[in-house]
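Numbering of the sequence shown is given in the numbering used here, commencing with residue 246 and proceeding in unit increments.
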Amino acid sequence: MNVLEQIKSKAAKLHKTIVLCEGEDSRVVKAAQMATAEGIAKIVLLGDPAAIKKANPDVDLTGVEIVNPLTSDKLASYNAKLCELRASKGMTPEQATELLKDGTYFGAMMLKMGDVDGLVSGACHSTANTLRPGLQIIKTAPGVSAVSSFNLMICPPQGNQYCPDGLVVFADCGLNPTYTAEGLADCAISTARSAQAIAGIEPKVAMLSFSSKGSAKHDNVTLVQEATRIANEKAPEIKLDGELQFDAAIVPSVGEMKAKGSPVAGHANVFIFPDLQAGNIGYKIAERLGGFMAVGPICQGFAKPLNDLSRGCKSEDIVAAVAITALQTQF
Numbered sequence: 246m247n248v249l250e251q252i253k254s255k256a257a258k259l260h261k262t263i264v265l266c267e268g269e270d271s272r273v274v275k276a277a278q279m280a281t282a283e284g285i286a287k288i289v290l291l292g293d294p295a296a297i298k299k300a301n302p303d304v305d306l307t308g309v310e311i312v313n314p315l316t317s318d319k320l321a322s323y324n325a326k327l328c329e330l331r332a333s334k335g336m337t338p339e340q341a342t343e344l345l346k347d348g349t350y351f352g353a354m355m356l357k358m359g360d361v362d363g364l365v366s367g368a369c370h371s372t373a374n375t376l377r378p379g380l381q382i383i384k385t386a387p388g389v390s391a392v393s394s395f396n397l398m399i400c401p402p403q404g405n406q407y408c409p410d411g412l413v414v415f416a417d418c419g420l421n422p423t424y425t426a427e428g429l430a431d432c433a434i435s436t437a438r439s440a441q442a443i444a445g446i447e448p449k450v451a452m453l454s455f456s457s458k459g460s461a462k463h464d465n466v467t468l469v470q471e472a473t474r475i476a477n478e479k480a481p482e483i484k485l486d487g488e489l490q491f492d493a494a495i496v497p498s499v500g501e502m503k504a505k506g507s508p509v510a511g512h513a514n515v516f517i518f519p520d521l522q523a524g525n526i527g528y529k530i531a532e533r534l535g536g537f538m539a540v541g542p543i544c545q546g547f548a549k550p551l552n553d554l555s556r557g558c559k560s561e562d563i564v565a566a567v568a569i570t571a572l573q574t575q576f
């Protein structure tokens, strides 16, 4: 069983309910069918039932709950709660009514009110359209300063000597352009917990830099050093070290030379890049030159599981996102 199949299998055992917000997209409709057929989660699909069925006549949606945000009997309670949540911004019932016509806002209210366990959107809308209701309604988890993202990097079929678990985890490759030291520390802690809960690996977290243990002096190095200190203070149970160059993090002989005695150097499986530029470049190099399969970016740090999709996604990618979202309900 490959890594993705293991993730789906674990998700299926949780019996969670996930809302897919874009019933107007045929890929999402197909994914709803696939996820239901595979038993990964109970799916709530948002949109007009008649329009969905007319546009997708060959898709069997037996077992999929279709909810129309425009006619739902939950509209009044969602409107009142949204006005309460956004009272400091002067939200009126009329404004809330307009927002709830948007599937992602309606889905976020379903998640907030506990009517579903997780949300997936973004197949045909921008990242901002998914994250905005997430930040306004779901908000960040207690003790987390910023939402971040990670990618599961699945090893190519021929394997990789530095990848004994069959995958590694990269962050942040898709969300935050820059970080404060505290934000980077929170990203590292969240990613370690995600790696354990979703990928089932014991996280060994490398805080990446162009320096290893003070070999270079620069404000960028200081940022990673400070983030490492904060992360170790906030989550001492996690094996986490830095700052480390990538070779020191992953090659045992280099790690022994550059960071002797480190609990992580030479054996890292979770890699925290210092900024989005480095992370995005890094995962695409691994994907295109190294043959790794990139799953994500996957959001983390919200109070409840909420994930954004790439607008170039396939139905299979959406199904994977559903499974991962279900697993995120565990922490």
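Cβ coordinates follow ideal geometry from the N, Cα and C atoms, glycine included.
For a test of the three-state rule: what should DSSP assign to Gly445, helix, strand or coil?
Counting from one through the sequence shown, the residue named residue 445 turns up at place 200. Gly445 falls in the coil class under three-state DSSP.
Please list the segments of the alpha helix (DSSP H) lying wholly inside the segment 411-486, counting only runs of 4 or more residues, in order along the chain.
426-439, 464-479
For Ile569, which beta-bridge partners are listed by DSSP?
Position 324 of the sequence shown, counting from 1, holds the residue named residue 569. Its beta-bridge partners do not exist; DSSP assigns none.
N-terminal and C-terminal residue of the beta strand (DSSP E) that Ser371 is part of:
Within the sequence shown, the letter at position 126 stands for residue 371. Note, Ser371: premise wrong, no beta strand (DSSP E); not H, not E.
Helix, strand or coil for Asp305 per DSSP?
Position 60 of the sequence shown, counting from 1, holds the residue named residue 305. DSSP places Asp305 in coil when its eight states are reduced to three.
Using a Cβ-Cβ cut-off of 6 Å (strictly less than) and excluding sequence neighbours within five positions of His370, which residues of its own chain qualify?
Indexing the sequence shown from 1 puts residue 370 at position 125. Result list for His370: empty, nothing under 6 Å.
Span separating the alpha-carbon of Lys462 from that of Met502:
Translated into positions along the sequence shown, residue 462 becomes position 217. Translated into positions along the sequence shown, residue 502 becomes position 257. Computed Cα separation, rounded: 19 Å.
Near Pro497, what residues of its chain come up, given a Cβ to Cβ distance below 6 Å and the 5 sequence neighbours on each side ignored?
Here residue 497 refers to the residue found at position 252 of the sequence shown. Correct list, in chain order: Gly511.
The beta strand (DSSP E) with Ala539 in it runs from where to where?
For the purposes of this step, residue 539 is identified with residue 294 of the sequence shown, where counting begins at 1. It spans 538-545 - the beta strand (DSSP E) in which Ala539 sits, taken as one unbroken run.
Judging by CA-CA distance, which residue of Leu485, Gln522, Arg377, Asp492 is the nearest neighbour of Val509?
For the purposes of this step, residue 509 is taken as residue 264 along the sequence shown, with counting starting at 1. Measuring from the Cα of Val509, the nearest candidate turns out to be Leu485.
By the DSSP assignment, the beta strand (DSSP E) with Leu330 in it spans what residues?
As a first step, residue 330 is located in the sequence shown; it is residue number 85 there, counting from the start. Leu330 -> not in any beta strand (DSSP E); alpha helix (DSSP H) instead, spanning 320-330.
Given a cut-off of 7 Å, decide if Ser390 and Gly419 are closer than it, judged by their beta-carbon atoms.
For the purposes of this step, residue 419 is identified with residue 174 of the sequence shown, where counting begins at 1. For the purposes of this step, residue 390 is identified with residue 145 of the sequence shown, where counting begins at 1. Not in contact: Gly419 and Ser390 (Cβ atoms no closer than 7 Å).
Anticipated Cβ contact below 8 Å, Gly348 with Pro314, distance rounded:
Counting from one through the sequence shown, the residue named residue 348 turns up at place 103. Counting from one through the sequence shown, the residue named residue 314 turns up at place 69. Going by Cβ atoms, the distance from Gly348 to Pro314 rounds to 6 Å, so yes, they are a contact pair.
Taking all protein chains shown into account, decide if Ile543 is buried (16 or more other Cβ within 10 angstroms of its Cβ) or exposed.
The residue labelled residue 543 in the question sits at position 298 within the sequence shown. Its Cβ being crowded by 16 or more others within 10 Å, Ile543 is buried.
7 Å Cβ shell around Gly352 - same chain, five flanking residues per side excluded
By one-based count along the sequence shown, residue 352 stands at place 107. Here the set comprises Val264, Cys266, Leu291, Leu364, Ser366.
For Ser394, report the span of its beta strand (DSSP E) as first-last.
As a position in the sequence shown, residue 394 is number 149, starting the count at 1. Element bounds for Ser394: 393-399.
Give the single residue among Cys400, Lys255, Ala444, Arg272 whose Cα lies nearest to the Cα of Ala368.
As a first step, residue 368 must be located in the sequence shown, where it is residue number 123. When only C-alpha atoms are compared, the closest one is Arg272.
Is it true that the segment 302-316 meets the segment 272-291, where meeting means three or more beta-carbon pairs spaced less than 8 Å apart?
yes
Could you give the distance in angstroms between the alpha-carbon of Asn421 and the alpha-carbon of Leu380?
If you number the sequence shown from 1, residue 421 lands on position 176. If you number the sequence shown from 1, residue 380 lands on position 135. If I take the Cα positions, the gap works out to 14 Å.
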